[in-house]
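These notes are about the structure you will find just below.
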Amino acid sequence: MQNQSAYLLKAFEFEIRDVPMPECGPDDVMIEIKHVGVCGSDVGFFEDPTYGGFVKEPPLPFILGHECAGVVTRTGKNVKHLKEGDRVAVEPGIPCGKCDYCLEGRYNLCDNMIFMASPPFQTAALSRYISYPAFMAFRLPDSVSTLEGAMFEPFAVGMHAAKRSGIFLGKTAVVLGSGCIGLMTLLACRALGASAVIIADLYDNRLAKAKELGATAVINSSRQNLMEEVLRLTGGKGADFVFETAGSKVTAAMTPDLVKKGGKIVLVGNVHEDVPINQLQLNNNEVDLLSVFRYHGIYPLVLDAVASGKVDVSGVVSHTFKFEEVQKAFECALNEKQTAVKVAIEF
Numbered sequence: 001m002q003n004q005s006a007y008l009l010k011a012f013e014f015e016i017r018d019v020p021m022p023e024c025g026p027d028d029v030m031i032e033i034k035h036v037g038v039c040g041s042d043v044g045f046f047e048d049p050t051y052g053g054f055v056k057e058p059p060l061p062f063i064l065g066h067e068c069a070g071v072v073t074r075t076g077k078n079v080k081h082l083k084e085g086d087r088v089a090v091e092p093g094i095p096c097g098k099c100d101y102c103l104e105g106r107y108n109l110c111d112n113m114i115f116m117a118s119p120p121f122q123t124a125a126l127s128r129y130i131s132y133p134a135f136m137a138f139r140l141p142d143s144v145s146t147l148e149g150a151m152f153e154p155f156a157v158g159m160h161a162a163k164r165s166g167i168f169l170g171k172t173a174v175v176l177g178s179g180c181i182g183l184m185t186l187l188a189c190r191a192l193g194a195s196a197v198i199i200a201d202l203y204d205n206r207l208a209k210a211k212e213l214g215a216t217a218v219i220n221s222s223r224q225n226l227m228e229e230v231l232r233l234t235g236g237k238g239a240d241f242v243f244e245t246a247g248s249k250v251t252a253a254m255t256p257d258l259v260k261k262g263g264k265i266v267l268v269g270n271v272h273e274d275v276p277i278n279q280l281q282l283n284n285n286e287v288d289l290l291s292v293f294r295y296h297g298i299y300p301l302v303l304d305a306v307a308s309g310k311v312d313v314s315g316v317v318s319h320t321f322k323f324e325e326v327q328k329a330f331e332c333a334l335n336e337k338q339t340a341v342k343v344a345i346e347f
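The UniProt record's numbering applies: residue 1 is where the sequence shown begins, and numbers increase by one.
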């Protein structure tokens with residue numbers, strides 16, 4: 001077997017290199033990667049290797065990719081729940097399991113978390129083979145493809161946001177942003193019983209995808225008044241839940257105008273600047289303001305939702321490239337944001 005990895009050499013430049021096969025430890029599985037999703041954070045590193053502030057001087061060259069699924073080719077001696085030939089989806093964060101956050105079950109907040117493709121951690125999905133802790137590899141049933149398995153990670157973000165909000169049957173949600181995470185949040189809200197999910201975005205093609213995936217109404221905020229439309233669609237009350245997924249300070253600042261009295265705002269997107277929020281408005285309307293960081297304990301729920309046929313995560317994928325076309329894949333994700341809702345790479 002020959003291993004290869006796609007290295008980010010510098011901003012905007014990849015190179016595929018032959019690399020040694022990874023060692024499979026006693027608690028690990030060797031995985032032949034079949035599909036990888038290109039995340040917004042991957043594109044951020046592609047533009048600026050210091051993205052996210054993880055490190056001031058990134059250890060270039062560097063491997064990206066954390067949304068992945070593949071086939072087990074080897075198991076460590078202590079691994080009992082997986083075998084060679086099993087197809088698996090990978091949860092890309094490895095918590096320490098010992099800190100207060102881990103012991104509380106909120107391992108997404110673990111200070112010692114090793115997250116795939118986040119500097120300086122070098123194990124990442126844009127490789128033909130990886131070795132990974134078996135307890136974070138989830139076996140896929142025959143009805144679930146590895147493309148769907150690679151989409152578990154962004155769907156887990158949307159599902160964590162929806163579950164954290166407490167949305168339930170009969171409630172109304174507004175999702176700001178119709179990119180991948182916005183669409184995954186839409187799918188999660190509908191799966192949990194929301195009666196109406198309104199999606200707002202700047203681009204018609206993204207809104208068309210939202211309608212295809214179950215949005216009950218869409219708003220093009222480049223030519224429609226967002227607040228007026230939300231109020232019109234909710235009988236003048238606002239939405240029970242508002243999810244900001246665009247990572248925009250403009251839309252984040254608007255959330256108090258869109259939420260119903262006693263409702264909830266969930267900040268999902270990462271805004272890299274200060275956001276002016278009308279705190280008095282929040283207080284007067286007794287609105288809950290929640291934030292989201294990754295997810296915890298969500299993968300089994302995601303797997304069941306997709307395996308049951310209730311959720312079509314592969315419907316979010318708009319473009320697919322071969323591993324050898326990794327440079328083109330990232331350029332597409334960066335430069336064609338209006339049409340490239342979700343880019344996937346297949347091996």
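Yeah, the Cβ is synthetic: ideal placement off N, Cα and C, and Gly gets one too.
Model, not experiment: these values are computed from the prediction.
Query: Which residue marks the beginning of the alpha helix (DSSP H) containing Gln281, and which one marks its end?; Result: 279-284
Query: Run through the segment 6-44 for me and flag every whole beta strand (DSSP E) of 3 or more residues, listed as ranges in chain order.; Result: 13-19, 28-38
Query: According to DSSP, simplified to helix, strand and coil, what is Glu84?; Result: coil
Query: For the segment 157-177 against the segment 61-73, do three or more pairs of beta-carbon atoms, one drawn from each stretch, fall closer than 8 Å, so that the two count as touching?; Result: no
Query: May I ask you to report which of helix, strand or coil DSSP gives Pro49?; Result: coil
Query: Check this for me: beta carbons of Leu82 and Ala134, under 8 Å apart or not?; Result: yes
Query: Can you have a look at Leu60 and say buried or exposed, based on whether 16 or more other CB atoms are within 10 angstroms of its CB?; Result: exposed
Query: Relative to the C-alpha of Ser291, which residue among Lys322, Ala252, Asp257 is closest?; Result: Ala252
Query: Please give the ranges of any beta strand (DSSP E) in the segment 73-149, keeping only runs that are unbroken, at least 3 residues long and fully inside the region.; Result: 87-90, 129-133, 137-139
Query: Could you check whether Ala162 and Leu183 sit closer than 8 Å to each other, using their CB atoms as the reference points?; Result: no
Query: Less than 6 Å between C-beta atoms, sequence neighbours within five positions excluded: which residues of the same chain meet that for Val311?; Result: Leu187, Ala191, Ala305
Query: Determine the DSSP secondary structure at Val174, reduced to helix, strand or coil.; Result: strand
Query: Exposed or buried, Gly170, counting other C-beta atoms within 10 Å across all chains shown (16 or more means buried)?; Result: exposed
Query: Reducing DSSP to helix, strand and coil, say where Thr320 ends up.; Result: strand
Query: Which residue comes first and which comes last in the alpha helix (DSSP H) that contains Glu331?; Result: 326-335
Query: With a threshold of 8 Å, are at least 3 pairs of Cβ atoms found where one atom belongs to the segment 127-146 and the other to the segment 19-36?; Result: yes
Query: Quick check: the Cα distance between Lys98 and Met136, rounded to an integer number of angstroms?; Result: 16 Å
Query: What does the Cβ neighbour count give for Phe293, buried or exposed, with the cut at 16 atoms within 10 Å?; Result: exposed
Query: Suppose you measure from the CA of Ala208 to the CA of Lys337; what does that come to, to the nearest Å?; Result: 14 Å
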